[in-house]
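Chemist:
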Amino acid sequence: MVREQYTAAAEGTHIERPENPYVYKIGIYGWRKRCLYLFVLLLLIILVVNLALTIWILKVMWFSPAGMGHLHVTKDGLRLEGESEFLFPLYAKEIHSRVDSSLLLQSTQNVTVNARNSEGEVTGRLKVGPKMVEVQSQQFQINSNDGKPLFTVDEKEVVVGTDKLRVTGPEGALFEHSVETPLVRADPFQDLRLESPTRSLSMDAPRGVRIQAHAGKIEVLSQMDILLHSSDGMLELDAETVCLPRLVQGTWGPSGSSQSLYEICVCPGGKLYLSVAGVGTTCQEHSHICLLENN
Numbered sequence: 000m001v002r003e004q005y006t007a008a009a010e011g012t013h014i015e016r017p018e019n020p021y022v023y024k025i026g027i028y029g030w031r032k033r034c035l036y037l038f039v040l041l042l043l044i045i046l047v048v049n050l051a052l053t054i055w056i057l058k059v060m061w062f063s064p065a066g067m068g069h070l071h072v073t074k075d076g077l078r079l080e081g082e083s084e085f086l087f088p089l090y091a092k093e094i095h096s097r098v099d100s101s102l103l104l105q106s107t108q109n110v111t112v113n114a115r116n117s118e119g120e121v122t123g124r125l126k127v128g129p130k131m132v133e134v135q136s137q138q139f140q141i142n143s144n145d146g147k148p149l150f151t152v153d154e155k156e157v158v159v160g161t162d163k164l165r166v167t168g169p170e171g172a173l174f175e176h177s178v179e180t181p182l183v184r185a186d187p188f189q190d191l192r193l194e195s196p197t198r199s200l201s202m203d204a205p206r207g208v209r210i211q212a213h214a215g216k217i218e219v220l221s222q223m224d225i226l227l228h229s230s231d232g233m234l235e236l237d238a239e240t241v242c243l244p245r246l247v248q249g250t251w252g253p254s255g256s257s258q259s260l261y262e263i264c265v266c267p268g269g270k271l272y273l274s275v276a277g278v279g280t281t282c283q284e285h286s287h288i289c290l291l292e293n294n
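First residue of the sequence shown? That's 0 in numbering that gives the first Met the number 0, and the numbers climb one at a time after it.
Structure follows, in structure tokens:
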């Protein structure tokens with residue numbers, strides 16, 4: 000502990016100092032002083048280097064009051080000029096391009112766009128990969144410019160809202176289950192074929208089925224039976240000529256008869272056969288054909 004003595008004396012007063020005074024030097028001297036100067040110099044060098052690095056980063060990243068490089072901060076959000084690469088997920092409410100250019104999203108693997116709810120769960124996903132485009136959502140819909148639904152898909156049905164659905168494949172369209180449509184029509188000068196290679200073909204309508212061929216013929220082929228059934232009405236064949244070339248014919252009339260007129264007879268089971276026409280009906284004479292049908 001340093002003891003200091005202050006003495007106030009008038010001018011001309013002689014003060015005698017003690018013979019053995021104790022003198023204490025205040026401050027840092029020797030190697031401690033040199034270390035302090037060296038530490039201050041080191042801090043100054045680090046400060047200068049940090050300042051230089053900060054200026055270099057600002058220059059390289061193109062920082063400005065409006066933003067950073069091609070990224071500008073506007074009142075509507077962020078505006079990015081040129082191409083940009085994102086190494087991690089990008090979260091945004093809206094992404095759109097300039098008026099005079101298109102928006103391009105590309106990746107070496109795939110591009111995935113997710114929609115999440117307030118709890119962070121994915122409610123919709125669009126994934127564009129090198130081999131497949133995958134959409135995961137409760138409903139997928141494509142609209143026209145005026146907002147009209149053109150194509151809608153959900154878990155229950157697929158709806159095509161256009162006026163005409165055209166299938167251009169050479170093999171046509173393959174349906175594994177039923178098809179409901181008001182009209183099936185082929186292209187002009189092309190044949191329309193409705194075919195079931197291994198099973199049956201059924202056409203049902205509550206008010207009838209209408210088949211028209213304005214410039215050709217209608218051909219119905221089947222490996223087994225062809226059934227024309229009307230639950231409430233009649234079956235009408237309205238044409239200038241109705242040909243049934245392969246009907247079973249009954250025996251001729253008496254020998255020497257040169258008549259070639261026949262009448263069509265119907266068995267109780269619905270089978271048709273021909274019988275030589277006479278003054279009256281001759282179906283009873285050849286009714287044994289119906290017995291052959293049962294056998």
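Using N, Cα and C, we set each Cβ at its ideal position, and we do this for glycine too.
Give the single residue among LEU200, ARG33, THR240, LYS155 whose Cα lies nearest to the Cα of GLN138.
Modeler: The option with the nearest alpha carbon to GLN138 is LYS155.
Chemist: For ILE217, is the classification buried or exposed, using 16 other Cβ atoms within 10 angstroms of its Cβ as the cut-off for buried?
Modeler: Classification of ILE217: exposed, given that the 10 Å Cβ count is below 16.
Chemist: Tell me the DSSP secondary structure of THR53 in three-state form.
Modeler: Here THR53 sits in helix by DSSP.
Chemist: Taking DSSP as the reference, what is the three-state secondary structure of ILE141?
Modeler: If DSSP states are grouped into helix, strand and coil, ILE141 belongs with the strands.
Chemist: Quick one: what's HIS34 bridged to in DSSP?
Modeler: Position check: residue 34 holds Cys in this sequence, whereas His was assumed. DSSP, once it has assigned bridges, lists no residue as partnering CYS34.
Chemist: With distances taken from CA atoms, which of SER201, ARG124, ARG33 is nearest ALA114?
Modeler: With distances taken between Cα atoms, ALA114 lies closest to ARG124.
Chemist: Give the straight-line distance between the Cα atoms of THR122 and TRP61, rounded to the nearest whole angstrom.
Modeler: For THR122 and TRP61, the distance between alpha carbons rounds to 39 angstroms.
Chemist: With DSSP as the reference, label GLN135 as helix, strand or coil.
Modeler: In this structure, GLN135 counts as strand in the three-state DSSP scheme.
Chemist: Take the Cβ of CYS264 as the centre, count every other Cβ of all protein chains shown within 10 Å, and call the residue buried at 16 or more, exposed below.
Modeler: It is buried - the Cβ of CYS264 has at least 16 other Cβ atoms within 10 Å.
Chemist: Use the C-beta contact count for VAL48: other C-beta atoms within 10 angstroms, 16 or more gives buried, fewer gives exposed.
Modeler: Exposed: under 16 other Cβ atoms inside 10 Å.
Chemist: For the beta strand (DSSP E) holding GLY123, just list the boundary residues, first then last.
Modeler: Residues 121-127.
Chemist: When you compare only the Cα positions, how much space is there between LYS163 and LEU173?
Modeler: Computed Cα separation, rounded: 18 angstroms.
Chemist: Give, in chain order, every unbroken run of the beta strand (DSSP E) that is at least 3 residues long and sits entirely within the stretch 54-104.
Modeler: For the stretch 54-104, whole beta strand (DSSP E) runs of length 3 or above, ordered along the chain, are 70-73, 76-79.
Chemist: How far does the beta strand (DSSP E) with TYR28 in it extend, from its first residue to its last?
Modeler: Where TYR28 is concerned, there is no enclosing beta strand (DSSP E), given that its DSSP letter is neither H nor E.
Chemist: Between which two residues does the beta strand (DSSP E) holding ALA276 run?
Modeler: From DSSP, ALA276 is part of no beta strand (DSSP E); its letter is neither H nor E.
Chemist: For LEU35, collect the residues of the same chain with a Cβ closer than 8 angstroms to its Cβ; drop the 5 residues on either side in sequence, then sort them by chain order.
Modeler: For LEU35, where only same-chain residues beyond five positions count, the Cβ hits under 8 angstroms are ILE27.
Chemist: According to DSSP, simplified to helix, strand and coil, what is CYS264?
Modeler: Reduced to three states, the DSSP call for CYS264 is strand.
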